[in-house]
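First the structure, in the form of structure tokens, and then the observations on it.
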Amino acid sequence: MSTIKKVEVGNKISAKVANQLHTLPWDNNEHACGDEKYLVFSDCEGKLVGVSLIRFLDKQTLYIGKFEVKRKYRGFGCGREMFDWITTNYPTKRVMLTHMDPTDDDGASYEFWKHMGFKRVDQIKHRMVKKIK
Ligand SMILES: CC(C)(COP(=O)(O)OP(=O)(O)OC[C@H]1O[C@@H](n2cnc3c(N)ncnc32)[C@H](O)[C@@H]1OP(=O)(O)O)[C@@H](O)C(=O)NCCC(=O)NCCS
0 MSTIKKVEVG NKISAKVANQ LHTLPWDNNE HACGDEKYLV FSDCEGKLVG VSLIRFLDKQ
60 TLYIGKFEVK RKYRGFGCGR EMFDWITTNY PTKRVMLTHM DPTDDDGASY EFWKHMGFKR
120 VDQIKHRMVK KIK
């Protein structure tokens with residue numbers, strides 16, 4: 000059963016959205032630049048589920064700059080739903096990202112993306128990539 004019912008695509012996020020996210024730095028005063036897009040995912044009651052910031056690096060490579068599921072929704076498949084929505088609605092040959100663990104160690108974020116099929120391309124810059132069929 001899917002949790003996500005609505006996705007808003009924009010060039011910034013509201014303070015109301017930013018204030019509900021506590022793990023990554025999200026700034027409601029920041030505007031997306033170039034073809035960057037903020038994706039705001041909500042449930043059937045319009046409650047925030049998560050947010051991602053994406054952009055195309057080139058025609059075949061989508062870059063996920065930030066990706067966070069609101070705390071109370073974690074562990075229920077929402078991260079996978081958000082990722083699937085992104086790759087369905089923004090078809091691409093590969094997805095790249097920089098996993099954002101707070102220390103230099105590979106932590107929960109690295110493990111999540113590895114579980115989602117990403118492979119490490121650069122240990123120092125924490126870059127990972129996944130080929131999409
Ligand atoms: C990482 C994060 C996005 C995962 O979201 P989530 O909604 O809890 O993930 P899901 O429930 O959709 O999990 C999807 C799959 O990944 C697995 N998974 C989730 N977290 C994992 C982890 N830390 N390590 C390994 N596997 C993990 C789940 O078991 C699930 O597996 P399955 O679909 O094969 O059964 C979420 O914990 C989060 O927002 N963390 C803080 C911000 C962050 O670290 N963002 C990523 C860096 S940019």
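The numbering of the sequence shown is numbering that gives the first Met the number 0, which starts it at 0 and goes up by one.
Where is the CB? At the ideal position from N, CA and C, for every residue including glycine.
Neighbourhood of ligand 1 [Cβ distance below 5 Å to any heavy atom], ordered by chain position:
22, 66, 67, 68, 73, 74, 76, 77, 78, 79, 99, 107, 108, 110, 111 and 114
Tell me the rounded alpha-carbon separation between residue 92 and residue 19.
Indexing the sequence shown from 1 puts residue 92 at position 93. Indexing the sequence shown from 1 puts residue 19 at position 20. Their backbone Cα atoms lie some 32 Å apart in a straight line.
Straight-line CA distance for residue 6 to residue 55?
As a first step, residue 6 is located in the sequence shown; it is residue number 7 there, counting from the start. As a first step, residue 55 is located in the sequence shown; it is residue number 56 there, counting from the start. One C-alpha to the other measures close to 18 Å.
Where the beta strand (DSSP E) containing residue 57 begins and where it ends:
Against the sequence shown, residue 57 aligns to sequence position 58. Looking at the DSSP string, the run of the beta strand (DSSP E) that includes residue 57 is 47–57.
Give me the residue from 72, 111, 126 and 110 with the minimum Cα distance to residue 94.
As a working note, residue 94 is residue 95 in the sequence shown. Checking every option, the nearest Cα to that of residue 94 belongs to 126.
Hey, would you say residue 61 sits closer than 8 Å to residue 50, going by beta carbons?
Your numbering for residue 61 matches position 62 in the sequence shown. Your numbering for residue 50 matches position 51 in the sequence shown. No, Cβ-Cβ distance for residue 61 and residue 50 is not below 8 Å.
Alpha helix (DSSP H) runs wholly inside the segment 59–110, at least 4 long, in chain order:
Listed in chain order, the alpha helix (DSSP H) elements of length 4 or more contained wholly in the segment 59–110 are 77–88.
Using the Cα positions of residue 66 and residue 52, report the straight-line distance between them to the nearest angstrom.
Here residue 66 is taken as the residue at index 67 of the sequence shown, counted from 1. Here residue 52 is taken as the residue at index 53 of the sequence shown, counted from 1. Going from the Cα of residue 66 to the Cα of residue 52 covers about 7 Å.
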